[in-house]
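The sequence shown begins at 0 in numbering that gives the first Met the number 0 and counts up by one.
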Amino acid sequence: MREIHTIVEAGRTEKQYWQDIWHYRALLCILSWRDVQVRYKQTALGVAWSILRPLLIMGVFTLVFGRIAGFPSEGNAPYALLVYAALLPWQFFSSALSEAGSSLLGNSNLITKVYFPRIFIPAGSVMTALADFASACVLLCVLLPIFRFTPSWHLIFLPFFVLLVVFAALGAGLLFAALNVRYRDFRYIIPFIVQFGLYVSPVGFSSALAPESWRWVYYLNPMVGIIEGFRWCILGAPALNPHSLLSSITTTAALLWLGIAYFRKMEKNFADEI
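Next comes the structure, spelled out in structure tokens:
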């Protein structure tokens with residue numbers, strides 16, 4: 000096994016940043032696995048919570064918005080599947096953002112004592128949320144035959160939208176993780192963003208209900224196109240909106256670039272400010 004030597008010298012971190020990330024890549028898996036163990040340590044149901052949470056939310060949304068408010072579904076899909084198809088990316092994004100946003104403060108001892116690419120800490124939180132996402136996908140495979148619904152052949156395009164929501168979560172997570180170190184107020188802002196985002200994203204309703212005059216503002220939310228993409232892949236209808244998809248891709252790319260750029264700018268000061 001080839002040994003990796005870390006040479007500490009002025010300016011080397013900036014010059015060899017991406018090379019160091021490749022050298023320390025195994026650490027990302029270690030941090031992710033540690034986060035999974037910590038999350039479900041001393042819990043009665045363990046990993047089952049990653050299945051129960053979206054299932055319970057689906058039930059509440061179906062009762063409140065589907066039965067009481069009478070919101071329509073899309074195509075021939077049951078309203079419950081409409082909600083669950085949206086909960087898959089939304090639960091992943093919200094969980095990844097919440098965990099990544101506070102990840103640096105939660106690992107302050109590690110940051111101040113050991114050298115490694117700090118980007119691994121929020122990235123590890125995103126990977127942890129991805130494990131929960133995989134568990135939720137297993138539940139979808141159970142729900143489809145229960146509701147006697149056959150998924151669309153568009154399902155082959157689902158990995159693209161999974162990758163898109165991972166990039167969106169990573170960009171937002173890096174940005175808020177760095178901001179949370181500099182400005183501790185963000186520990187209160189992140190939960191508000193997550194809660195507010197649930198109601199401005201088409202989780203409990205179809206995008207067709209959004210007012211036409213406000214669509215351009217509505218599409219600035221990257222989760223709109225991602226959620227619509229998940230529904231298109233799983234439920235098959237309606238047709239994918241090219242405007243919301245293009246907006247989500249553009250916004251996600253900008254968010255990822257901004258998150259990486261700001262994180263790298265602030266990274267050298269983390270040990271002092273944390």
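Positions of the beta carbon are idealized from the N, C-alpha and C atoms, including for glycine.
query = Short check: CB of Ile121 to CB of Gly172, under 7 Å?
reply = As a first step, residue 121 must be located in the sequence shown, where it is residue number 122. As a first step, residue 172 must be located in the sequence shown, where it is residue number 173. Checking the sequence, you will find Pro at residue 121 rather than Ile. In this structure, Gly172 lies closer than 7 Å to Pro121 by Cβ.
message = For Ala133 and Glu266, I'd like the C-alpha separation in whole angstroms.
response = Here residue 133 corresponds to residue number 134 of the sequence shown, with the count starting at 1. Here residue 266 corresponds to residue number 267 of the sequence shown, with the count starting at 1. Each residue's alpha carbon lies about 31 Å from the other.
ask   = Nearest CA to the CA of Trp152: which residue from Ile233, Pro53, Ala252, Tyr16?
value = Residue 152 sits at position 153 when you count from the first residue of the sequence shown. Trp152 has its Cα closest to that of Ile233, out of Ile233, Pro53, Ala252, Tyr16.
key: CB-CB length for Met126 against Ser49, believed under 8 Å   = Translated into positions along the sequence shown, residue 126 becomes position 127. Translated into positions along the sequence shown, residue 49 becomes position 50. About 14 Å; that fails the 8 Å criterion.
message = Considering only their Cβ atoms, is the gap separating Gly224 from Pro244 smaller than 7 Å?
response = Indexing the sequence shown from 1 puts residue 244 at position 245. Indexing the sequence shown from 1 puts residue 224 at position 225. A quick correction: the sequence has Leu, not Pro, at residue 244. Taking 7 Å as the Cβ cut-off, Leu244 and Gly224 qualify as a contacting pair.
ask   = Is the CB-CB distance between Tyr218 and Ser246 below 7 Å?
value = Taking the sequence shown and counting its residues from 1, one reaches residue 218 at position 219. Taking the sequence shown and counting its residues from 1, one reaches residue 246 at position 247. Cβ distance < 7 Å, so Tyr218 and Ser246 count as in contact.
query = Leaving out the 5 sequence neighbours to the left and right, which residues in its chain are closer than 6 Å to Arg230 when beta-carbon positions are compared?
reply = On the sequence shown, residue 230 is found 231 positions in, with the first residue counted as 1. Same-chain partners within the cutoff: Ala84.
ask   = Since Thr251 and Ala167 are thought to touch, with beta carbons under 8 Å apart, how far apart are those beta carbons, to the nearest angstrom?
value = Locating residue 251 in the sequence shown gives position 252, counting from the first residue. Locating residue 167 in the sequence shown gives position 168, counting from the first residue. Right, the Cβ-Cβ distance comes to about 4 Å (below 8 Å), so this counts as a contact.
inquiry  = On the DSSP letters alone, give me the boundaries of the alpha helix (DSSP H) that Ile226 sits inside.
reply    = As a position in the sequence shown, residue 226 is number 227, starting the count at 1. Where Ile226 is concerned, the enclosing alpha helix (DSSP H) stretches over 221 to 234.
C-alpha gap between Ala207 and Val141, whole angstroms = For the purposes of this step, residue 207 is identified with residue 208 of the sequence shown, where counting begins at 1. For the purposes of this step, residue 141 is identified with residue 142 of the sequence shown, where counting begins at 1. Their Cα atoms are separated by approximately 28 Å.
Cβ pair Gln90, Pro53 closer than 7 Å = Stepping through the sequence shown from its first residue, residue 90 is reached at position 91. Stepping through the sequence shown from its first residue, residue 53 is reached at position 54. Closer than 7 Å, so yes.
Nonlocal neighbours in the same chain, by C-beta distance under 6 Å from Gly228, ignoring five residues either side = Mapped onto the sequence shown, residue 228 falls at position 229. So the list reads Phe160, once near-sequence residues are dropped.
request  = Identify which residue in Pro77, Ser97, Leu154, Asn179 has its Cα closest to the Cα of Arg147.
outcome  = Position 148 of the sequence shown, counted from the first residue, corresponds to residue 147. Measuring from the Cα of Arg147, the nearest candidate turns out to be Pro77.
message = Taking its Cβ as the centre, do 16 or more other Cβ atoms sit within 10 Å of Ser212, making it buried, or is it exposed?
response = As a working note, residue 212 is residue 213 in the sequence shown. Exposed, since its Cβ has fewer than 16 Cβ neighbours within 10 Å.
request  = State the CB to CB distance for the pair Ala79 and Thr61, rounded to an integer number of angstroms; the pair is presumed to be in contact (CB under 8 Å).
outcome  = Within the sequence shown, residue 79 is the residue found at index 80, counting from 1. Within the sequence shown, residue 61 is the residue found at index 62, counting from 1. With a Cβ gap of about 5 Å, Ala79 and Thr61 count as contacting.
request  = Given a cut-off of 7 Å, decide if Val164 and Ser93 are closer than it, judged by their beta-carbon atoms.
outcome  = Translated into positions along the sequence shown, residue 93 becomes position 94. Translated into positions along the sequence shown, residue 164 becomes position 165. No. Outside cutoff.
query = If Pro88 and Ser205 are in contact, beta carbons under 8 Å, what's the gap, nearest whole angstrom?
reply = Here residue 88 refers to the residue found at position 89 when the sequence shown is read from its first residue. Here residue 205 refers to the residue found at position 206 when the sequence shown is read from its first residue. With 8 Å as the limit, Pro88 and Ser205 do not qualify as a contact, their Cβ atoms being about 15 Å apart.
ask   = Buried or exposed: where does Gly65 fall if 16 or more other Cβ atoms within 10 Å of its Cβ makes it buried?
value = The count along the sequence shown starts at 1 and reaches residue 65 at position 66. It is buried - the Cβ of Gly65 has at least 16 other Cβ atoms within 10 Å.
ask   = Do Ala270 and Ile110 have their C-beta atoms within less than 7 Å of each other?
value = Here residue 270 corresponds to residue number 271 of the sequence shown, with the count starting at 1. Here residue 110 corresponds to residue number 111 of the sequence shown, with the count starting at 1. A contact, by the Cβ cut-off of 7 Å.
Neighbour-count burial assignment, Asp184, 16 or more Cβ in a 10 Å radius = Numbered from its first residue, the sequence shown carries residue 184 at position 185. When all chains shown are included, Asp184 counts as exposed.
Buried versus exposed call for Glu272 [16 or more other C-beta atoms within 10 Å across all chains shown] = Position 273 of the sequence shown holds residue 272. With fewer than 16 other Cβ atoms within 10 Å, it is exposed.
ask   = Roughly how many whole angstroms lie between the Cα atoms of Trp17 and Ala130?
value = Counting from one through the sequence shown, the residue named residue 17 turns up at place 18. Counting from one through the sequence shown, the residue named residue 130 turns up at place 131. Their backbone Cα atoms lie some 25 Å apart in a straight line.
task = Taking all protein chains shown into account, decide if Pro210 is buried (16 or more other Cβ within 10 angstroms of its Cβ) or exposed.
result = Looking up residue 210 in the sequence shown gives position 211. Exposed, since its Cβ has fewer than 16 Cβ neighbours within 10 Å.
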